[in-house]
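Visitor: Letter by letter, the sequence shown follows residues 0 to 194 in numbering that gives the first Met the number 0. Encoded as structure tokens, here's the structure I'll be asking about.
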Amino acid sequence: MNKRGFTLLELLISITMLALIAGIMGWTLKAAHRTLDKGERKISYLEREKISFSLIESQILSLFRYQYDDDGQKKLFFSGSKDKLMFTSNFSLWRGARGNTFVTYEIQSNEGDKSFLKITEQTIGLQEKNETILLNECNNISFEYFLKNAVEEGKWVTSWPEDEKGLPDKIKISIACGVKKIALTLRPPVGEKKI
């Protein structure tokens, strides 16, 4: 008998091998897509983190002395605690270097007990406020202030004294996200000058 075709067994083996190769290729493409997506999310997160640090740095380094009248007494618009920082800056996240702005950084927690840094801005003389979240899903975020006077060498405090007439010599923002811990120490150009 002349064999000119394929047997059923040969066809089944061929189809099985094709299905196996197609399955392996599909699984490989899916794994590659997942890896690529994860990498893009990581890059996006790192870019956002870098931009957030840059914006925080620009605002604090543009901090300026703003005094207001409180019952005939001049007071400095600056308040700092472990989880909140209020100051005036001539750099705005929304308008860039145009206009003077009241800035509030506030550390809050979400339902998963993770910390996030919220910024609120208000242009001096206007009612409109803008707010956004800069850093999200962090284990811990806190502020510290370097208190220095003529008598002492200086020390880090977690709350800026209300009766202090000057501004901090340095401001430190400690951030712990995952296994990464960062301490961003900034020296405003107006530190330790008294009113």
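Virtual Cβ for every residue (Gly too), placed ideally from N, Cα, C. Quick caveat, the model's predicted, so the values are computed rather than measured.
Does the distance from the C-beta atom of Thr119 to that of Glu136 stay below 8 Å?
Guide: Cβ distance not < 8 Å, so Thr119 and Glu136 don't count as in contact.
Visitor: Would you decide whether Ile55 is buried or exposed? Buried here means 16 or more other CB atoms lie within 10 Å of its CB.
Guide: Ile55 is buried by the Cβ-count criterion.
Visitor: Note down the Cα distance separating Glu127 from Trp93, rounded to an integer number of angstroms.
Guide: Between Glu127 and Trp93, the C-alpha separation is close to 12 Å.
Visitor: For Gly79, which option in Leu7, Pro167, Ile14 has the closest C-alpha, if you only look at C-alpha atoms?
Guide: Checked all of Leu7, Pro167, Ile14; the closest Cα to Gly79 is Pro167.
Visitor: So what's Trp93 in DSSP terms, helix, strand or just coil?
Guide: Note: Trp93 maps to coil in three-state DSSP.
Visitor: Out of Thr122, Ser114, Ile23, Ser61, state which residue places its alpha-carbon closest to the alpha-carbon of Phe142.
Guide: Closest option to Phe142, Cα to Cα, is Ser114.
Visitor: Quick one: what does DSSP say Tyr104 is sitting in, helix, strand or coil?
Guide: In the structure shown, Tyr104 sits in a strand (DSSP, three-state: E or B).
Visitor: Buried or exposed: Phe90, going by 16 or more other Cβ atoms within 10 Å of its Cβ?
Guide: So Phe90 counts as buried.
Visitor: CA-CA distance, Tyr44 and Lys179?
Guide: Each residue's alpha carbon lies about 13 Å from the other.
Visitor: Confirm, please, whether the CB-CB distance from Thr87 to Thr103 is below 8 Å.
Guide: Cβ atoms of Thr103 and Thr87: not closer than 8 Å.
Visitor: When you compare the CB positions of Leu134 and Ser51, do they come within less than 8 Å of one another, or not?
Guide: Taking 8 Å as the Cβ cut-off, Leu134 and Ser51 qualify as a contacting pair.
Visitor: Drop a sphere of 10 angstroms on the beta-carbon of Leu19, count the other beta-carbons inside from all chains shown, and report buried for 16 or more, exposed for fewer.
Guide: Classification of Leu19: exposed, given that the 10 Å Cβ count is below 16.
Visitor: So, with DSSP's three-state summary, where would you put Ala70?
Guide: Residue 70 is actually Asp in this sequence, not Ala. In the structure shown, Asp70 sits in coil (DSSP, three-state: anything other than H, G, I, E or B).
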